[in-house]
Amino acid sequence: MRQRSQSPGSAYFYYPRLVCVIGARDDEKATANFAPVTWATPLSCEPPLFGACVSPSTRTHHLVLKTGEFTLSFLGMAEASLVDTLGRLSGSQVDKVKALELVLEPGEVATTPSLAAAYARAECILVDRHQCGDQTLLVGELQRVRVAAEAYDVQGVLRLDRISPLLYLGGNRYVTTDPTSESRPESRGDR
Ligand SMILES: Cc1cc2nc3c(=O)[nH]c(=O)nc-3n(C[C@H](O)[C@H](O)[C@H](O)COP(=O)(O)O)c2cc1C
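Take the sequence shown: its letters are residues 1441 to 1631, numbered as in the numbering used here.
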């Protein structure tokens, strides 16, 4: 393959990445706010920690620090347009729940709702935060996870024949997985 050297930040080299939508309670405006994040990752099994890198310029950042909790909603490819719109608007200017007629699911433990359209949702209590350059890594401890039963097999693996997870490519481009590309390789040492 022909190589090209370039400065970091001038290419979406770390995409595609799974999209999740972070939800936060907005008590001042008596609503909730939702914004997509792709710079997000599981961090620990025990305790179960999940981290999201969120810009301090967002309403989400302000709200999560204020309420000490957030939710995560994982959506399918059919919601690409909704996700893109959530990422272009700010809760500082717009009540996204009202403007986009979002259907919400109340939390089981947390008082922050998540998106009803999600195939998987999680409720997190903010337990830590780290400044990482121009982002804040918000670390949540998972309290409850709720998944669509038909979306996962008995091993807890996402059924790609039923769910098309939403991945972000960069810009306003999204993609999903091809279920026929799944591979179950044997480890090379077993041969
Ligand atoms: C697909 C997608 C992924 C995004 N990922 C992140 C991210 O990981 N971290 C972040 O701070 N902003 C991310 N953004 C931008 C925020 O969603 C955007 O700034 C949003 O308007 C913030 O809304 P708020 O001000 O209501 O919190 C992403 C946007 C899109 C469309």
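Note that beta-carbon positions come from the ideal geometry of N, C-alpha and C, so glycine has one too.
For clarity, every value in this text was computed on a predicted model and none was experimentally measured.
Backbone secondary structure at residue i - three-state DSSP
i: LEU1505; result: helix
i: LEU1512; result: strand
i: SER1484; result: strand
i: LEU1540; result: coil
i: ALA1558; result: coil
i: PRO1448; result: coil
i: GLU1519; result: helix
i: LEU1526; result: helix
i: THR1617; result: coil
i: GLU1590; result: helix
i: ARG1628; result: helix
i: ARG1457; result: strand
i: ARG1499; result: helix
i: GLN1571; result: strand
Cβ-heavy atom distance, residue i to ligand 1, below 8 Å
i: CYS1572; result: no
i: GLN1443; result: no
i: ALA1472; result: no
i: LEU1544; result: no
i: VAL1477; result: yes
i: VAL1536; result: Residue 1536 is actually Lys in this sequence, not Val. Checking the Cβ of LYS1536 against ligand 1 gives yes.
i: TYR1559; result: no
Assumed close pair residue i, residue j - CB separation to whole angstroms, cut-off 8 Å
i: VAL1567; j: GLY1580; result: 7 Å
i: THR1617; j: PRO1605; result: 6 Å
i: VAL1523; j: LEU1515; result: 6 Å
i: SER1495; j: ASP1574; result: 7 Å
Contact under 9 Å by Cβ, residue i with residue j
i: LEU1526; j: VAL1594; result: no
i: THR1498; j: ARG1465; result: no
i: LEU1582; j: PHE1490; result: yes
i: PHE1510; j: ALA1470; result: no
i: LEU1544; j: CYS1493; result: no
N-terminal and C-terminal residue of the beta strand (DSSP E) that residue i is part of
i: VAL1461; result: 1460 to 1466
i: THR1471; result: 1471 to 1477
i: GLY1610; result: 1607 to 1610
i: VAL1579; result: 1575 to 1587
i: VAL1494; result: 1489 to 1494
Any non-hydrogen atom of ligand 2 closer than 8 Å to residue i Cβ
i: LEU1566; result: Ligand 2 is not among the ligands present in this structure, which contains only ligand 1.
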